[in-house]
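Student: Structure provided below as structure tokens; questions to follow.
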Amino acid sequence: MELDYFESMSLITETSTTRLISTSMLASKAECLEYADIQSDVSLAMWRNETDQVLTHNKNLHTLSIYTEGGQDAYRTDMKSCHGGPGKICFFPADHSSQWIVGEQLRLLHLYFTDTHLNYLAMTAFDIDPRVLHLPDLTFESDPQLSQGMQQLQRHLDQSDMSNRLLLQDLQQQLILYLLEQYSERKAAVIRGGLSPAIKSRVIDYMQANIDQDIKLEQLANEACQSTYHFSHMFKQSTGLSPYQFLVKQRMQLAAIKLRSDVAISQVAEDCGYSNSSRFARAFRGAYGVTPKVYQQAF
Numbered sequence: 005m006e007l008d009y010f011e012s013m014s015l016i017t018e019t020s021t022t023r024l025i026s027t028s029m030l031a032s033k034a035e036c037l038e039y040a041d042i043q044s045d046v047s048l049a050m051w052r053n054e055t056d057q058v059l060t061h062n063k064n065l066h067t068l069s070i071y072t073e074g075g076q077d078a079y080r081t082d083m084k085s086c087h088g089g090p091g092k093i094c095f096f097p098a099d100h101s102s103q104w105i106v107g108e109q110l111r112l113l114h115l116y117f118t119d120t121h122l123n124y125l126a127m128t129a130f131d132i133d134p135r136v137l138h139l140p141d142l143t144f145e146s147d148p149q150l151s152q153g154m155q156q157l158q159r160h161l162d163q164s165d166m167s168n169r170l171l172l173q174d175l176q177q178q179l180i181l182y183l184l185e186q187y188s189e190r191k192a193a194v195i196r197g198g199l200s201p202a203i204k205s206r207v208i209d210y211m212q213a214n215i216d217q218d219i220k221l222e223q224l225a226n227e228a229c230q231s232t233y234h235f236s237h238m239f240k241q242s243t244g245l246s247p248y249q250f251l252v253k254q255r256m257q258l259a260a261i262k263l264r265s266d267v268a269i270s271q272v273a274e275d276c277g278y279s280n281s282s283r284f285a286r287a288f289r290g291a292y293g294v295t296p297k298v299y300q301q302a303f
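So for the sequence shown, this note's numbering puts the first residue at 5; every next one is plus one.
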């Protein structure tokens, strides 16, 4: 659903985290096409703009941006730079200011995150003192890993269904960690070993007990008494799957059991944490090769 400019501004100012996004866009003609809170200090927004002059300034938010369409004739006026284009990456640290000329229509996906979130990841993953942490301004960067990660976020951005919230949280964390690893001076500490059997069982029990809920990465990490960064790596080392992949596997196994009875497919989707039946059907087909309806009819 597309929003006009003033509707998009009221949407974006609903929380303290996103309120600052609107202040950086007030002087522009940009339209917010999609928006989602990933967690309390991280959000995603898809923007469209054309034929405009833009002053970018997000005082308290870091912004990772990718051109998803157009941008070949967009450029910065405050520095000598090349032009944008699909897949090009920009990163603007908090309190960054820049001036832009936008020509033909373009679309941008913005990942916004607070200094608190960045500092937390820097300390827990890299042992970086936030007082000396510095990430550079990136303009029209060609970085395949950042581009791929942002494109994954775009594919899973769906404000009508947040059953994939755990995936979005994992993706944004990996993107920010990559920024820290590649563009700051410090490198990541090597994590060895997985979760203990008791902790792994506790986390899995939590997943199963809340399988119909919007499970967040932070909740799982709390069950393991780990930071989200360490938990994600240790969980994958213990199970061979990311927390999101493991949760989807558990949900699909439960769905298969329920579909063997006369339970309505819409109810099965809800019981497995999907408020959107189409998303549930895609996930089930990805796991079993057939739609839920075909699978149920076989029994």
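Even for Gly, the Cβ is constructed at its ideal location relative to N, Cα and C.
What number of angstroms, rounded off, separates the C-alpha of SER281 from the C-alpha of SER270?
Tutor: The residue labelled residue 281 in the question sits at position 277 within the sequence shown. The residue labelled residue 270 in the question sits at position 266 within the sequence shown. Looking at the two C-alpha atoms, the distance is approximately 6 Å.
Student: Measure the beta-carbon distance from LEU181 to TYR248 and round it to whole angstroms, keeping in mind my assumption that it falls under 8 Å.
Tutor: Along the sequence shown, one-based indexing puts residue 181 at 177. Along the sequence shown, one-based indexing puts residue 248 at 244. Between TYR248 and LEU181 the Cβ distance is about 16 Å, and since that is not below 8 Å, they are no contact.
Student: Starting from the N-terminal side, write out each stretch of the beta strand (DSSP E) that is 3 residues or longer and does not extend beyond the stretch 27–77.
Tutor: Taking only runs of at least 3 residues, the beta strand (DSSP E) segments lying wholly in the stretch 27–77 are 35–43, 46–53, 56–61 and 65–73.
Student: Which residue or residues does DSSP assign as beta-bridge partners of GLU145?
Tutor: Taking the first residue of the sequence shown as 1, we reach residue 145 at position 141. According to DSSP, which records beta bridges pairwise, GLU145 is partnered with ILE93.
Student: Rounding to the nearest angstrom, what Cα-Cα distance links VAL136 and ALA129 in this structure?
Tutor: By 1-based counting over the sequence shown, the position of residue 136 is 132. By 1-based counting over the sequence shown, the position of residue 129 is 125. Between VAL136 and ALA129, the C-alpha separation is close to 15 Å.
Student: Please tell me whether ALA78 and ILE105 are closer than 8 Å, where the distance is taken between their beta carbons.
Tutor: Taking the sequence shown and counting its residues from 1, one reaches residue 78 at position 74. Taking the sequence shown and counting its residues from 1, one reaches residue 105 at position 101. Yes; because the gap between Cβ atoms is below 8 Å, this pair is in contact.
Student: Quick check on DSSP: helix, strand or coil for SER102?
Tutor: One-based indexing of the sequence shown puts residue 102 at position 98. The answer is strand: DSSP assigns SER102 an E or B state.
Student: Is it true that the CB of LEU48 sits closer than 8 Å to the CB of LEU161?
Tutor: Within the sequence shown, the letter at position 157 stands for residue 161. Within the sequence shown, the letter at position 44 stands for residue 48. Yes, the pair counts as a contact, with Cβ atoms nearer than the cut-off.
Student: With DSSP collapsed to three states, give me the class of ARG283.
Tutor: Along the sequence shown, one-based indexing puts residue 283 at 279. Three-state result, ARG283: helix.
Student: Can you name the start and end residues of the beta strand (DSSP E) that TYR248 belongs to?
Tutor: Taking the first residue of the sequence shown as position 1, residue 248 is located at position 244. That residue, TYR248, is in no beta strand (DSSP E); its alpha helix (DSSP H) goes 247–263.
Student: Which partner residues does PHE117 have in the DSSP bridge list?
Tutor: In the sequence shown, residue 117 corresponds to position 113, counting from 1. Per DSSP, VAL46 and HIS66.
Student: Less than 8 Å between the beta carbons of ARG52 and LEU65, yes or no?
Tutor: Reading the sequence shown from its first residue, position 48 is the one you call residue 52. Reading the sequence shown from its first residue, position 61 is the one you call residue 65. Cβ distance not < 8 Å, so ARG52 and LEU65 don't count as in contact.
Student: Cα separation between LEU68 and LEU221?
Tutor: Translated into positions along the sequence shown, residue 68 becomes position 64. Translated into positions along the sequence shown, residue 221 becomes position 217. Cα-Cα distance, rounded: 21 Å.
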